[in-house]
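Following: one structure in structure tokens, then a few remarks.
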Amino acid sequence: MLTKAQRTMHRLLDLQREIAQARLSRRELLKMGLVTGGGGLLGMGGAWLTKAGAQVVILPSPPTTPWVEALPIPPVLQPKSLGTGPAPNPAAHQFYNRFLPQKTYRVRAEEKPHSFHRDLIDSPIWGFDGIFPGPTVNCRYGEPVLLRMENHLPAVNDHVGFGVPQSITHLHNAHTASETDGGPWDWNERGQYTDHHFCMARPGFTVPGTIPAAWRDASGGDVRETLTTLFFHYHRPDFTSAGVYKGLANMVRFFDEKDTGNETQGWRLPSGPYDVELMIADKKFDPRTGELVFDDFNLDGVLGDKLTVNGKIQPFFVVKRRKYRFRVLDAGPARFYTLVV
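Counting in our numbering, the sequence shown runs from 9 upward without gaps.
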């Protein structure tokens, strides 16, 4: 028998699901008074406060057994021709002719069922190539890349659940030209795509005379600005957090003549299967169904009570007696993590 507080929580979860299906942004919720003021509702992560009763109700996600799921390792994205699709438009990119692409990639944003844990039902996620995390992209300084990001998510009018399936992606922390940076207002509808042209040149190449010769690379860029670990993520305004939470994120590795990706060269860092990405993200699951949920009411940041690594709840990882390189990304919506070794 459910208590009155638990019944209230269930009604609020149902309301949250209905609002998600209505595709209301947080700004619209504020305007409607569904977040603050009057008889509104205030989301507090896993807790809910009703203005009328001033009662906090917390219902945790369903229980799951730790350390029974193996850590998934995302596949490495392989170069792929654009096929019969439209050719890229060089005029749309500032530096296309100066840095002609040596590799092309195609990535699809898709909705697929995903298992976060064997004790829960599968949840619909959005993933690059339909997986979470999406495939790892390897790039190398001096090898320009064209990456075509295609939207194969459900059409807006057919979409069910939280988030909005209008996609645009941003390569976080990368030095890219503005037209390739994934501007949040340049989103795509289903069936559309965006071409990202990555020069794979260090910043400063347009003003090489300002960089000391000791730090200037072959293209005129500043080697002190070298990047190694980045990530792609969904970038639609008002819904960025929901889209990343739902799975549209993947890791990107930049290599060069020192960080070579080969243990026998350069810095000889662990490479191949020993260069491991760890995407950490906390999630919340409906206590009744076990399905992934997102708190659209919470403007202070969503906090989940289930910790996932590479899309699995509390996985294990079998290692050898050797050195590993771990690239760690905090992909949670709001939580800070303390890592202990």
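Glycine included, every Cβ here is placed at the ideal spot set by N, Cα and C.
Backbone secondary structure at residue i - three-state DSSP
i      : result
Asp313 : coil
Trp75  : coil
Glu233 : helix
Glu299 : coil
Ala222 : helix
Tyr282 : helix
Val336 : strand
Asn97  : coil
Asn270 : coil
Tyr7   : Here the chain comprises residues numbered 9 to 349, so residue 7 is not present and cannot be evaluated.
Ala62  : Confidence at Ala62 is low in this model, with a pLDDT of 42, below 50, so its placement is unreliable and no value can be given for it.
Glu158 : strand
Asp290 : strand
Tyr242 : strand
Tyr253 : helix
Asn318 : coil
Thr214 : coil
Ser89  : coil
Thr11  : coil
Gly53  : Because the pLDDT of Gly53 is 41, which lies under 50, any placement of that residue in the model is unreliable, and the number read from its coordinates should be weighed accordingly. Three-state DSSP puts Gly53 in coil, outside helix and strand.
Asn165 : helix
Ser175 : strand
Thr188 : helix
Thr346 : coil
Asp22  : helix
Thr44  : Residue confidence for Thr44 is low, a pLDDT of 48 falling below 50, so the modelled location carries little weight; the figure read from the coordinates is stated next. Residue state, collapsed to three classes: coil.
Residue nearest to residue i in terms of C-alpha spacing, selected from the options
i      : options                        : result
Glu158 : Tyr201, Ala95, Ala99           : Tyr201
Ala339 : Leu315, Ile288, Asp304         : Ile288
Asn175 : Gln86, Arg343, Tyr242, Phe107  : Here residue 175 turns out to be Ser, not Asn, going by the sequence shown. Measuring from the Cα of Ser175, the nearest candidate turns out to be Tyr242.
Ala78  : Gln102, Glu271, Asn318, Val336 : Asn318
Tyr345 : Ala257, Val327, Lys331, Lys314 : Lys314
Asp203 : Phe140, Arg343, Asp189, Phe213 : Asp189
Gly298 : Thr72, Asp264, Pro278          : Thr72
Thr248 : Pro173, Val327, Met259         : Pro173
Asp282 : Phe262, Cys207, Phe334, Gln273 : Note on identity: in this sequence residue 282 is Tyr, with Asp being the wrong assignment. Of Phe262, Cys207, Phe334, Gln273, the residue nearest in Cα terms is Phe334.
Phe262 : Arg329, Lys120, Ser279         : Ser279
Arg156 : Lys320, Asp303, Asn97          : Asn97
Arg330 : His167, Leu277, Val310, Asp290 : Leu277
Leu311 : Thr236, Ile81, Ala250, Ser131  : Ala250
Arg114 : Gly274, Val145, Cys207         : Val145
Leu85  : Phe325, Thr112, Val168         : Thr112
Thr234 : Asn181, Leu90, Lys328          : Asn181
Pro82  : Asp137, Asp127, Ala222, Lys328 : Asp137
Asp127 : Lys320, Val348, Phe170         : Lys320
Gly199 : Leu90, Ala163, Leu337          : Ala163
Val168 : Ser131, Tyr104, Val260         : Ser131
Phe140 : Arg343, Val301, Tyr253         : Tyr253
Asn105 : Leu179, His205, Leu90, Gly93   : His205
Arg210 : Ala185, Val336, Trp195         : Ala185
Leu286 : Gly274, Val348, Val336         : Val336
Gly212 : Arg116, Arg244, Arg232         : Arg232
His122 : Trp275, Trp223, Leu300         : Leu300
His125 : Lys266, Val76, Val348          : Val76
Arg116 : Pro220, Thr236, Lys88          : Lys88
Expected contact under 8 Å - CB spacing of residue i and residue j to nearest Å
i      : j      : result
Pro295 : Leu67  : 4 Å
Pro109 : Pro152 : 5 Å
Ala257 : Gly142 : 7 Å
Glu187 : His160 : Contact doesn't hold; Cβ gap of about 23 Å is too wide.
Phe170 : Phe302 : 4 Å
Arg148 : Asp264 : 7 Å
Residues that residue i bridges to, as DSSP identifies them
i      : result
Met147 : Going by the sequence as given, residue 147 is Cys instead of Met. Bridge partners of Cys147: Phe262.
Trp134 : Glu119
Val153 : Lys111, Phe206
Ile139 : Phe136
Phe324 : Ala78
His180 : Phe239
Tyr201 : Glu158
Val84  : Thr144
Asn196 : Ser175
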